[in-house]
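As structure tokens, the structure follows; a few thoughts come after it.
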Amino acid sequence: MHPYWFHIGPFPVRAYSTLFVLAFLLGFGVTLYLAKVERKERYVEHLWNLAPWLFLAGVVGARFWQVFFFDWPFYRAHPWEIPAVWHGGLSIQGGVVGALVMGLWYVRRHQLNTWELMDLAAPGLVLGQSIGRAANVMNGDAFGGPTGGDFGILYPQGSLARQVYGDQPLWPAEIWEGQADVVIFALLLILKQWRLPKGWVFFIYVILYNGARFFLEMLRGDSPRFLFGWTAAQWTSVAVVVLAAGFMVYLAWRSDREAV
1 MHPYWFHIGP FPVRAYSTLF VLAFLLGFGV TLYLAKVERK ERYVEHLWNL
51 APWLFLAGVV GARFWQVFFF DWPFYRAHPW EIPAVWHGGL SIQGGVVGAL
101 VMGLWYVRRH QLNTWELMDL AAPGLVLGQS IGRAANVMNG DAFGGPTGGD
151 FGILYPQGSL ARQVYGDQPL WPAEIWEGQA DVVIFALLLI LKQWRLPKGW
201 VFFIYVILYN GARFFLEMLR GDSPRFLFGW TAAQWTSVAV VVLAAGFMVY
251 LAWRSDREAV
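In this text, residue positions in the sequence shown follow the UniProt record's numbering: the first is 1, and each later residue adds one.
Pasting the structure below:
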């Protein structure tokens, strides 16, 4: 954990913020590259126009999700912390929802192929999520619960994890999630070589990521739990997987009809 790279006078250059921006830029770069490789250059100008709006919508959605769905008891007691995104607390799931809403508005306005563009964006999106988890590690948030043994991460003095769990080693849940995202990224690139119904690559990403997230949330130690002992992220994952599976069935049915 290393929350600050250095200071410029009294101003700290935070690892969380810089890695967050890097995650977006690299994910965006991968999407531009795939647009050219897949001979979909017609989307390049739209991607450049859309990028800053996706970034803003992603941050707003990520913060909204974290504040009102994941950790409302804390923010209700500390409302001045709600705008303090530099302290961490951005939900990946909320960020995807925020960016998706903005993207859908844009493609409808410009009459683009929604499913094709979503497939194009999926690999870069999950790569960005992987780098985002590195930001969590550097910031010392999104930590796991105690392992009950001598295996795990021991966060340094001054970190929130150390304040909550003391000297207990914690599960590296956020690290494993970042590694799972890299695997999903590679699988999506492989799947893009197949002739799948439009939209399937995106929804396969949704199912794989949220499936992995559901199980890794069992190791988290920083989130309140609700019915069945599930976190808000687990409930979100289940709902999203069901919706994604439904969309895949619909897209397969529509693809079959168009092929007739």
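We put the CB at the ideal spot given by N, CA and C, even for glycine.
Please read these numbers as outputs of a predicted model, since none were measured by experiment.
Own chain, CB closer than 8 Å to residue i, minus 5 neighbours either side, in chain order
i	result
phenylalanine 69	Ser91, Gly94, Ala232 and Thr236
Buried or exposed by the 16-neighbour rule on C-beta atoms within 10 Å, applied to residue i
i	result
tryptophan 48	exposed
residue 336	There is simply no residue 336 to check, as the chain begins at 1 and stops at 260 in what is shown.
tryptophan 194	exposed
alanine 245	exposed
glutamine 157	exposed
For residue i, three-class secondary structure by DSSP
i	result
phenylalanine 226	coil
tyrosine 155	coil
leucine 170	strand
Opposing strand residues paired with residue i [DSSP bridges]
i	result
isoleucine 8	Phe11
glycine 144	Arg220
threonine 231	Arg225
Proximal residues to residue i (C-beta, below 6 Å), its chain only, five neighbours per side dropped
i	result
alanine 135	Tyr16, Leu19 and Phe20
threonine 114	Val107
proline 12	Tyr4
asparagine 210	Ser237, Val240 and Val241
glycine 61	Gly94, Gly95, Val97 and Gly98
Residues near residue i by beta carbon distance below 7 Å, same chain, minus five either side
i	result
tyrosine 75	Val67, Glu81 and Ile82
proline 123	Val30, Leu34, Phe185, Leu188 and Leu189
arginine 220	Gly144, Gly145, Ala173 and Thr231
Unbroken alpha helix (DSSP H) run spanning residue i, endpoints
i	result
aspartate 181	173-191
histidine 78	From DSSP, histidine 78 is part of no alpha helix (DSSP H); its letter is neither H nor E.
histidine 110	92-110
Any C-beta of chain B under 9 Å from that of residue i
i	result
alanine 84	This model lacks chain B altogether, as it is built from one protein chain only.
Any non-hydrogen atom of the ligand SAH within 8 Å of residue i CB
i	result
methionine 138	The ligand content of the structure shown is nil, which means the ligand SAH is not present either.
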